[in-house]
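Asker: Please see the structure below; I have some questions.
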Amino acid sequence: MLKVDRFWWALLALIPALFVFIFFIWPVLSLIFTGITEDGRLEFQSIAQILKRSRTWGVVGQTLLQAFSATALSVLVGIPAAFILYRLQFPGRKALRALLTVPFVLPTVVVAAAFMALYGPGGMLNFLGLDRTFVVLIMALTFFNVTVVMRIVGGFWENLDPRQTEAARMLGASSGQAFLNITLPRLWRPIASAASLVFLFCATSFGVVFVLGGKKYANIETEIYRSTMQLLDLKTSAVLSILQIIIVVLALYFSSRLRRSTSSVSSVTDRVVAFRSKDHLSILLIFIITIALLHALPIYSLISRSFRSTAGDWSFENYLLLFSPPESSPLAQGISGAIWLSLSYALIAMLASVLLGLITVFVVTRKFLSRRVKRGQSVYEYTMMMPLGVSAVTLGLGLLITMHKPFGIGIDLRSTLVLIPIAQTLIALPLVIRTLMPRLQNISQRTKDAGIMLGASPWKVILTIELPLLKNAVAIAAGFAFAASLGEFGAAAFLVRSNDKTLPVIIAQLLSHQDPMSHNMGIAAAVLLGAITASVMVAAESLSLKSKVGWVAW
Amino acid sequence: MSIKNIFKFSALTIASLMLLSGCQSSDSVTDEVTLIVHDSFPNEEFAVAASEATGLQVKVVTSGGGEELTTTLALTKGAPLADAFYGIDNFFASRLVENDVIVPFVPDNLPERAKEFLFDDQGSMVPVSLGATCINIDKTWFAENSMSEPKTYFDLIDEKYKGLTVLLDPTASTTGGSFYLGTIAEFGPEQALDYWENLIENDARIEQGWSDAYYTHFTAGSPDGTYPIVVSYSSSPAYTINDEGTESQTSALLDTCSSTVEYAGILNGANNTEGAKLLIEYLFSEEFQNTIADTMYVYPVDAEANIPAEWDEFAPLPSNPHDVPASEIGSKRDAWLADLSERIGL
Numbered sequence: 001m002l003k004v005d006r007f008w009w010a011l012l013a014l015i016p017a018l019f020v021f022i023f024f025i026w027p028v029l030s031l032i033f034t035g036i037t038e039d040g041r042l043e044f045q046s047i048a049q050i051l052k053r054s055r056t057w058g059v060v061g062q063t064l065l066q067a068f069s070a071t072a073l074s075v076l077v078g079i080p081a082a083f084i085l086y087r088l089q090f091p092g093r094k095a096l097r098a099l100l101t102v103p104f105v106l107p108t109v110v111v112a113a114a115f116m117a118l119y120g121p122g123g124m125l126n127f128l129g130l131d132r133t134f135v136v137l138i139m140a141l142t143f144f145n146v147t148v149v150m151r152i153v154g155g156f157w158e159n160l161d162p163r164q165t166e167a168a169r170m171l172g173a174s175s176g177q178a179f180l181n182i183t184l185p186r187l188w189r190p191i192a193s194a195a196s197l198v199f200l201f202c203a204t205s206f207g208v209v210f211v212l213g214g215k216k217y218a219n220i221e222t223e224i225y226r227s228t229m230q231l232l233d234l235k236t237s238a239v240l241s242i243l244q245i246i247i248v249v250l251a252l253y254f255s256s257r258l259r260r261s262t263s264s265v266s267s268v269t270d271r272v273v274a275f276r277s278k279d280h281l282s283i284l285l286i287f288i289i290t291i292a293l294l295h296a297l298p299i300y301s302l303i304s305r306s307f308r309s310t311a312g313d314w315s316f317e318n319y320l321l322l323f324s325p326p327e328s329s330p331l332a333q334g335i336s337g338a339i340w341l342s343l344s345y346a347l348i349a350m351l352a353s354v355l356l357g358l359i360t361v362f363v364v365t366r367k368f369l370s371r372r373v374k375r376g377q378s379v380y381e382y383t384m385m386m387p388l389g390v391s392a393v394t395l396g397l398g399l400l401i402t403m404h405k406p407f408g409i410g411i412d413l414r415s416t417l418v419l420i421p422i423a424q425t426l427i428a429l430p431l432v433i434r435t436l437m438p439r440l441q442n443i444s445q446r447t448k449d450a451g452i453m454l455g456a457s458p459w460k461v462i463l464t465i466e467l468p469l470l471k472n473a474v475a476i477a478a479g480f481a482f483a484a485s486l487g488e489f490g491a492a493a494f495l496v497r498s499n500d501k502t503l504p505v506i507i508a509q510l511l512s513h514q515d516p517m518s519h520n521m522g523i524a525a526a527v528l529l530g531a532i533t534a535s536v537m538v539a540a541e542s543l544s545l546k547s548k549v550g551w552v553a554w
Numbered sequence: 001m002s003i004k005n006i007f008k009f010s011a012l013t014i015a016s017l018m019l020l021s022g023c024q025s026s027d028s029v030t031d032e033v034t035l036i037v038h039d040s041f042p043n044e045e046f047a048v049a050a051s052e053a054t055g056l057q058v059k060v061v062t063s064g065g066g067e068e069l070t071t072t073l074a075l076t077k078g079a080p081l082a083d084a085f086y087g088i089d090n091f092f093a094s095r096l097v098e099n100d101v102i103v104p105f106v107p108d109n110l111p112e113r114a115k116e117f118l119f120d121d122q123g124s125m126v127p128v129s130l131g132a133t134c135i136n137i138d139k140t141w142f143a144e145n146s147m148s149e150p151k152t153y154f155d156l157i158d159e160k161y162k163g164l165t166v167l168l169d170p171t172a173s174t175t176g177g178s179f180y181l182g183t184i185a186e187f188g189p190e191q192a193l194d195y196w197e198n199l200i201e202n203d204a205r206i207e208q209g210w211s212d213a214y215y216t217h218f219t220a221g222s223p224d225g226t227y228p229i230v231v232s233y234s235s236s237p238a239y240t241i242n243d244e245g246t247e248s249q250t251s252a253l254l255d256t257c258s259s260t261v262e263y264a265g266i267l268n269g270a271n272n273t274e275g276a277k278l279l280i281e282y283l284f285s286e287e288f289q290n291t292i293a294d295t296m297y298v299y300p301v302d303a304e305a306n307i308p309a310e311w312d313e314f315a316p317l318p319s320n321p322h323d324v325p326a327s328e329i330g331s332k333r334d335a336w337l338a339d340l341s342e343r344i345g346l
């Protein structure tokens, strides 16, 4: 590419880079620095001491084990789900897709409690003997992440040219053989993309691991929380944060190696196949059984509990109380204010993360000859992905120590509301990038070259070829970002709020309240959050469907 | 979206973010005073009432639960998020003094009972409200199973009550920590460890958070619960009273309690220290003390203040709580927690 272009790209790249630097890198590094220095000097001795503790490495090992297991399980469950919901034609599949987004946004404490109730003493599945085991913890982590695999892989699969597979079938390959030899290799890139996201999510999971894992299965994230909040031991937290960052960078590095080892594949728009019981029955059964065990049962128990009044009978009481809370409730006004606030924050975060994400993926996928620029591009991509893999405690507290009148501006940003959508944007950004990237990389160079040969400038190629082809992926990414922001209860939980409470904050507060009536209202509010997410997703799905009208098949 | 539009859009976003932040800040007003509190505080009502009573412009901000608040205040030393704080409990309170986060201040209108619970002689922090952590039991369960109700610490390690108790991990929850302090006050630090070992041998289940223990496992807190004995608060039975108001399904075992004290104080480096003093005084006013029980589910430190009638009957404060002096908690807490962790493998 031309030198002039390089300049403009660098300038454009600055926008997301500055955002991530100011609101992520600087705060996180400041907190780590506070932890490992004493009067400005590095505390090598205590760092070495923490690194020598067997507890430290136990926690690191546990983090990796959990993240690998849950990622593997999420991919195993997510691929059949992607096939069924994106590749097969049957009534209600759009609704089902939207419904499967719900687990992704449910508050982790609620889900952890639901799993505990299901497998614990007195629970429906207690007879399995899985109470307090690693298995339940992994299942709960998977609960949240199947959606990630399903959406990223499904969104890609939907547009995959089926002719090769059909040819293989015609030549006598079984559907299993055709999948393993033809389809799977072509899906490798989105699978690796989704898997790296899931890995980061699981490696930094807090609520589920805290509640279900206790000390035995503590991961780096819960250990950072414990040492910061319980012991105010910032040294240990800082060392653990550094270890966490190393794991994230390694995970990103390996996942990019995996993704690079595949070439682009031809795609068509929206080719779905009709359900054929001969070919699809077994995969449908797998889908139904896994989703029932993993998702339906915990959600069912949540919903059924939300419709139980404090007295124990079936009623809408908990929901009605949310909108006109009794005076004794910690909810000052009805919940509708919180719903609007959450929706508007999520909207801001969605717009911001899609915008920053689009810039990022275009910057990263431009082809430059210079080696140095290429290396710079990968570093850039890793940096944008980092917020997902770094402790919410570290980020939240880091923001508190850096955002007091930053850069000489006379405003104490900490007590303003802007930090909440900013924290949400940071978490949503990696999701957007990982959703857009496989699709953008898959647009064949030949298509773009054709445009250039016909006299289009590189910018024109972006506008007339790449962006239109990304439309569908942008819709998926936006929905994802919205959902993630709506349910975000990590860094935002450590920020300062005035009266304006978001839905996840209110849910947490209600759940841990002494009055059983408030607790029940909290469960109802969690179900409400799920319902709102599902309806937003249904709306987004139908929008992206409409936008396809008039598209040219490639 | 064209590149030009992208630029336009991002400029717009940044501008609106700045606008949003501009609207929120007004720290140039000198009669403004800010109180930082934990989650369960009636922010808005308080701001209105306190503004009226003090003539100041009172703002209330929230930062997480009790544990998060302590850490937040310690970390923002020197550039505090507010002028005064309320809601730090005795389990972690010493952190604030150790980290030099506080300016000592004792208001003139301190109620008599508050003097018993002062943090130290310097008046670093003042107690505004009181509570207690106690073992709670499901009376209905014991009646239905024709068993006598447990009463003391020793009953919990009795074979008869094997597998019936849910406790909280003291290293993960301050409520659990408070209950642990009670056992230390009763048995001494060494014997307390033996006692906890006996609890585990008697098949006590340990959960991380109070709401998991109470709302998932306690028979009176969850339809599927299987444990009729749980660590909770002395006030909890006030929330399990029947419709007629004649009886509570649960009761707190008053011989197994440990006091919790919630402190307020002035933050070092406050913008408005004088205003903060007025605010602390207001926390002891009859008007505010009378609202504490109803809104925050703890007892007002002023023994004269109103509490709901049913609390007298179903949720009284323990008369002989098992307490460890605040200064001792500060110097030994971390070691005690580490010892327990090691002994029972938490």
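Residue numbers (my numbering), protein chains in the order written: chain P, 1 to 554; chain C, 1 to 346. Using N, Cα and C, we set each Cβ at its ideal position, and we do this for glycine too. As the structure is a prediction and not an experimental result, all values here were calculated from the model.
#1: Is it true that the CB of V146/P sits closer than 8 Å to the CB of T533/P?
#2: Looking at F187/C and S248/C, is the spacing between their C-beta atoms short of 8 Å?
#3: Leaving out five residues before and five after S28/C in sequence, what residues of the same chain have Cβ atoms less than 6 Å from its Cβ?
#4: I need the DSSP call for P127/C, collapsed to helix, strand or coil.
#5: What's the C-alpha gap between F323/P and A492/P?
#6: Express the C-alpha separation of V461/P and V527/P in angstroms, rounding to a whole number.
#7: Rounded to the nearest angstrom, what separates S129/C and I157/C at their Cα positions?
#8: Let me know the secondary structure DSSP gives Q445/P once reduced to three states.
#9: Starting from L314/P, follow its DSSP beta bridges and name the residues at the other end.
#10: Among A72/P, T108/P, V77/P, L388/P, which has the Cα closest to the Cα of I523/P?
#11: Take W188/P as the anchor and find which of A332/P, L160/P, Q333/P has the nearest alpha-carbon.
#12: Go through its chain and collect everything with a Cβ distance to N272/C's Cβ below 6 Å, but skip five positions before and after it.
#13: In this structure, does DSSP put C23/C in helix, strand or coil?
#14: Roughly how far, in whole angstroms, is the beta-carbon of F144/P from the beta-carbon of M350/P, given that I think they are within contact range, below 8 Å?
#15: State the DSSP-derived secondary structure class of W9/P, mapped to helix, strand or coil.
#16: Strictly below 7 Å CB to CB, what residues from chain P border Y263/C?
#17: What does a CB cutoff of less than 6 Å around T165/P pick up in its chain, not counting 5 residues either side in sequence?
#18: In chain order, what residues of the same chain lie with their CB nearer than 6 Å to the CB of K59/C, ignoring the 5 residues before and after it?
#19: Buried or exposed: where does I292/C fall if 16 or more other Cβ atoms within 10 Å of its Cβ makes it buried?
#20: From which residue to which residue does the beta strand (DSSP E) around S232/C run?
#21: D339/C versus chain P: which residues are under 8 Å apart at the beta carbon?
#22: Return the CA-CA distance between V354/P and G376/P, expressed in angstroms with no decimal places.
#23: Judging by CA-CA distance, which residue of L88/P, L511/P, M517/P, T34/P is the nearest neighbour of L284/P?
#24: Would you say M537/P reaches chain C, if we count a Cβ-Cβ gap shorter than 8 Å as a contact?
#25: In chain order, what residues of the same chain lie with their CB nearer than 7 Å to the CB of T226/C, ignoring the 5 residues before and after it?
#26: Does N43/C get closer than 8 Å to chain P when you measure Cβ to Cβ?
#27: DSSP three-state call for S28/C: helix, strand or coil?
#28: In this structure, how does DSSP classify E281/C when only helix, strand and coil are distinguished?
#29: I'd like to know whether the C-beta atoms of A456/P and T464/P end up nearer to each other than 8 Å.
#30: Using beta carbons (cut-off 8 Å, strictly below), is V37/C in contact with chain P?
#31: When you compare only the Cα positions, how much space is there between V261/C and I102/C?
#32: Please say whether I344/C and E144/C have beta carbons closer to each other than 8 Å?
#33: In angstroms with no decimal places, state the Cα-to-Cα distance between E281/C and A17/P.
#34: Kindly indicate which three-state DSSP category L495/P falls into: helix, strand or coil?
#35: F61/P to V418/P, Cα distance in whole Å?
#36: I'd like to check one pair, G487/P with L31/P: are the Cβ atoms closer than 8 Å?
Answerer: With the given structure in hand:
#1: no
#2: no
#3: Annotation note: pLDDT 42 at S28/C (below 50); position unreliable, no value reported.
#4: strand
#5: 24 Å
#6: 45 Å
#7: 32 Å
#8: helix
#9: Looking at the sequence provided, one finds Trp at residue 314/P rather than Leu. In DSSP, W314/P forms a bridge with R308/P.
#10: T108/P
#11: L160/P
#12: V33, D83
#13: The predicted position of C23/C is uncertain, since its pLDDT is 42 and thus under 50; a value taken from the coordinates is nonetheless stated next. Here C23/C sits in helix by DSSP.
#14: Not really, about 19 Å apart at Cβ, beyond 8 Å.
#15: helix
#16: Those within 7 Å of Y263/C in chain P number zero; the least Cβ separation is about 17 Å.
#17: A178, I182, T183
#18: T34
#19: buried
#20: 229-233
#21: Neighbours of D339/C on chain P: none; closest Cβ ~14 Å, over 8 Å.
#22: 22 Å
#23: L88/P
#24: no
#25: H217, T219
#26: yes
#27: Residue placement at S28/C is flagged as unreliable, the pLDDT there being 42, under the threshold of 50; the coordinate-derived value follows with that caveat. Coil.
#28: helix
#29: yes
#30: no
#31: 17 Å
#32: no
#33: 48 Å
#34: coil
#35: Note that residue 61/P is Gly in the sequence shown, not Phe. Going by the C-alpha atoms only, they are around 36 Å apart.
#36: no
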